[in-house]
Amino acid sequence: MLEEKVVLVTGGTGSFGKKFVRKALTLGVKKIIVFSRDELKQYEMKQEFTDERIRFFIGDVRDKERLYRAFDGVDIVIHAAAMKHVDACEYNPFEAVKTNIHGAQNIIDAAIDKGVEKVIALSTDKACSPINLYGATKLASDKLFIAANAYVGEKHTKFAVVRYGNVVGSRGSVVPFFKKVRETGVLPVTDDRMTRFWITLDKGVQFVIDNLDRMHGGELFVPKIPSMNILDLAKAIGPECDIKIVGIRPGEKLHEAMITEDDARHTIEFDDYYVIQPEFSWWSEEFKQGSKPLPDDFHYVSNENTQWLTIEELRELVEEL
């Protein structure tokens, strides 16, 4: 799918962006454009990546004119740019709206008008039944990208969304924080019952690439991934540390969901992922080949998962970072 393609990654200097760029360079891309607004991170990334196929483009997804310039000649867009920190979004709500919602619509308009072939937008488990502004803005973004397939007109741009859980070791992840504070001998844990879906950067990137191949436009892809208990993670990182329960922060859930019971009515299951189907009249039965329907009462929630990471498995994942 990526061979001889021009690919643009918004938020390309982030954890996902850098891992995606590294992977895409091994898959025969013609050119890959790193689109982001932080010149320091782009400078640092230039020192790490010396491949001549990489271009660095300063810009903000809020700036539609800049996106139109950046999208010239682009075949594929991976939209990873977002305001992601729950606390920052709660304290700066309209800034989150401008980046995560207005920015999404700008991506859609630019992609259609510039003839981009495929767009995959990254979502989050927090967009499923959101209780914080970050999740609410990403839910709105998801719906914008899915609905965009219905008004491309005579153009051929296809849009899909990938939703997955917490990424091990990404910026903002609890893993670097636990590693930093374990020297104090105390690890602060919000609630010892808390669970989260867990995925590595490698698997997250590969899931996006796989879905570029199989997307028809309008899907919301959800991988089957393991859950972990936050207390087990603390024990894996600081087994010698005392645990201090500090309470759930504002806007935080005890458990995360990726598919609700209402979603399940139009969700299909494959061997290692789910697809929440769009409710389009043109959505074809042939797109469902190899899948099976889910029961109406199905829901995909981190505390009721069938896959769990043990303390030892968590320790191994952390050590690999």
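Under the working numbering, the residue at position 37 of the sequence shown is numbered 40, and the numbers go up by one with no gaps.
Note that beta-carbon positions come from the ideal geometry of N, C-alpha and C, so glycine has one too.
query	result
8 Å Cβ shell around Val-178 - same chain, five flanking residues per side excluded	Val-171, Gly-172, Leu-236, Ile-240, Val-321, Leu-324
Inter-residue spacing [alpha-carbon to alpha-carbon] between Asn-109 and Glu-98	15 Å
Unbroken beta strand (DSSP E) run spanning Asn-232, endpoints	230 to 232
Cutoff 6 Å; reference Tyr-303; Cβ partners in own chain excluding five residues on either side	Met-261, Ile-262
Nearest-angstrom Cβ-Cβ length linking Leu-189 and Lys-247, presumed shorter than 8 Å	Before going on, a small fix: residue 189 reads as Val here, not Leu. That pair is a contact at about 5 Å.
Pair within 8 Å by beta-carbon distance, Leu-204 and Met-4	no
Three-state class that DSSP yields for Glu-159 in the structure shown	Per the sequence presented here, residue 159 reads as His, with Glu not at that position. In the structure shown, His-159 sits in coil (DSSP, three-state: anything other than H, G, I, E or B).
Straight-line gap, Ile-314 to Arg-196 (C-alpha atoms, nearest Å)	15 Å
Residue range of the beta strand (DSSP E) that includes Arg-58	57 to 61
Where Leu-11 falls: helix, strand or coil (DSSP)	strand
Bridge partner(s) assigned by DSSP for Asn-169	Trp-201
Beta-carbon gap between Glu-7 and Lys-44 smaller than 8 Å	no
Rounded separation between Pro-281 and Gly-221 - CA only	5 Å
Start and end residues, alpha helix (DSSP H) containing Asp-116	106 to 116
Rounded separation between Ala-143 and Val-208 - CA only	23 Å
Assigned secondary structure, Ile-2 (DSSP; H/G/I helix, E/B strand, else coil)	Beyond the ends of the chain as shown, which are 4 and 324, falls residue 2; an answer cannot be given.
Meets three-Cβ-pair contact criterion under 8 Å: the segment 137 to 157 and the segment 68 to 88	yes
Cβ neighbours of Ala-114 in the same chain (closer than 7 Å, five flanking residues each side left out)	Phe-74, Val-80, Val-122, Thr-160
Backbone CA spacing between Tyr-154 and Lys-206 [nearest angstrom]	32 Å
Under the three-state DSSP convention, the category Pro-191 falls into	strand
Helix, strand or coil at Ile-251 [DSSP, three-state]	coil
Element boundaries [alpha helix (DSSP H), containing Phe-180]	177 to 184
Counted within 10 angstroms of its Cβ, other Cβ atoms place Trp-285 as buried (16 or more) or exposed	exposed
Under 8 Å between C-beta atoms of Ile-251 and Gly-168	no
8 Å Cβ cutoff met for Lys-129 and Glu-259	yes
Below-8 Å beta-carbon distance, Tyr-137 vs any chain C residue	Included in the structure is just one protein chain, with no chain C present.
6 Å CB neighbourhood of Val-9 in its chain, flanking five on each side removed	Lys-33, Lys-34, Gly-76, Val-77, Asp-78
For Ala-260, the residue or residues it bridges with in DSSP	Val-304
C-beta contact flag for Phe-38 and Val-12 at 8 Å	yes
Beta-carbon gap between Lys-295 and Ile-271 smaller than 8 Å	yes
Cβ-Cβ distance between Ser-132 and Asp-145 below 8 Å	no
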